[in-house]
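Peer 1: Per my numbering, the very first residue in the first sequence carries number 15; after that it's consecutive. Glycine included, every Cβ here is placed at the ideal spot set by N, Cα and C. All values derive from a computational prediction rather than experimental measurement. My questions all concern the structure below.
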Amino acid sequence: MLSYNMDKRLVIRKTIKNEDVYELLRKIPAGKVTTYGDLAKALGNPSASRIIGRILSRNPNPIKVPCHRVVMSDGKLGGYAYGTAKKRGLLEKEGLSFTNESVSDFMKVRISFSSDENTRD
DNA sequence: GCCATGGCTAGTA
DNA sequence: GCCATGGCTAGTA
């Protein structure tokens, strides 16, 4: 799609499709997390983080697609279709811990995608 | 129009 | 805490 960035320059952003998100998310291993914004960036549309959340909320297959491993950019939990308590429980089962509402050692458990992921088209 | 976000600014302590 | 963001859905015509 076409839109203007912060410098009022016209840019092309990739339209994010549900399956793009689910496919990428399947690659996040237990014990690691990513963020809504990181997924948006990796899929070629850095400002689409809100959309990622909406797409995850309709995740048809929570077994194959580990929605619970997606948290907010500040390390806080974010939402979950089955409640945030459930989300936190799953993450703790995978070895993560929390210091007052945020993932402990966030920097260490946060997956980073290769930045040129979006150069393919 | 809705939102499972995020980055920034004001303004408090 | 404000508000731009962007894909989707309900529900109107």
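Below 8 Å CB to CB, which residues in the same chain sit around GLY45 once its five sequence neighbours on both sides are set aside?
Peer 2: Sequence index remark: in the first sequence, residue 45 carries index 31 (1-based). Only GLU108, GLY109, LEU110, VAL123 meet the Cβ criterion.
Peer 1: Which residue marks the beginning of the alpha helix (DSSP H) containing GLU214, and which one marks its end?
Peer 2: As displayed, the chain neither begins before 15 nor continues past 135, which places residue 214 out of reach and without an answer.
Peer 1: Do ASN59 and ILE30 come within 8 Å of each other at the CB atom, strictly closer than that value?
Peer 2: Within the first sequence, the letter at position 16 stands for residue 30. Within the first sequence, the letter at position 45 stands for residue 59. A contact, by the Cβ cut-off of 8 Å.
Peer 1: With DSSP as the reference, identify every bridge partner of ARG124, one or two as the case may be.
Peer 2: For the purposes of this step, residue 124 is identified with residue 110 of the first sequence, where counting begins at 1. Under DSSP, ARG124 takes part in a beta bridge, and its partners are VAL47.
Peer 1: Could you pull out every residue in the same chain whose Cβ sits closer than 8 Å to the Cβ of THR133, ignoring the five residues on either side in sequence?
Peer 2: As a working note, residue 133 is residue 119 in the first sequence. Note that THR133 has pLDDT 45, beneath the 50 cutoff, so the model's placement of it is unreliable and the number below is only indicative. Within the same chain, THR133 has no close Cβ partners at all.
Peer 1: Quick one, are the C-beta atoms of ASP35 and ILE125 less than 8 Å apart?
Peer 2: If you number the first sequence from 1, residue 35 lands on position 21. If you number the first sequence from 1, residue 125 lands on position 111. Before going on, a small fix: residue 35 reads as Val here, not Asp. Contact annotation: VAL35 and ILE125 have beta-carbon atoms that are not nearer than 8 Å.
Peer 1: Is SER61 helix, strand or coil by DSSP?
Peer 2: Position 47 of the first sequence, counted from the first residue, corresponds to residue 61. In the structure shown, SER61 adopts coil according to DSSP, grouped into three states.
Peer 1: Taking C-beta to C-beta, are ARG83 and ILE26 nearer than 8 Å?
Peer 2: Locating residue 83 in the first sequence gives position 69, counting from the first residue. Locating residue 26 in the first sequence gives position 12, counting from the first residue. Not in contact: ARG83 and ILE26 (Cβ atoms no closer than 8 Å).
Peer 1: Enumerate in chain order the residues of its own chain whose CB-to-CB distance from MET86 is below 8 Å, with the five nearest sequence positions on each side excluded.
Peer 2: As a working note, residue 86 is residue 72 in the first sequence. So the qualifying residues of the chain are THR49, TYR50, GLY92.
Peer 1: Just to confirm the assignment, what range does the alpha helix (DSSP H) spanning LEU39 have?
Peer 2: Numbered from its first residue, the first sequence carries residue 39 at position 25. Run containing LEU39: 32–39, per the alpha helix (DSSP H) assignment.
Peer 1: What did DSSP end up calling LYS90 once you bin it into helix, strand or coil?
Peer 2: Translated into positions along the first sequence, residue 90 becomes position 76. LYS90: strand per DSSP, three-state reduction.
Peer 1: Assuming GLY89 and SER116 form a contact by the criterion Cβ under 8 Å, report the distance between their Cβ atoms to the nearest whole angstrom.
Peer 2: Taking the first sequence and counting its residues from 1, one reaches residue 89 at position 75. Taking the first sequence and counting its residues from 1, one reaches residue 116 at position 102. That pair is a contact at about 4 Å.
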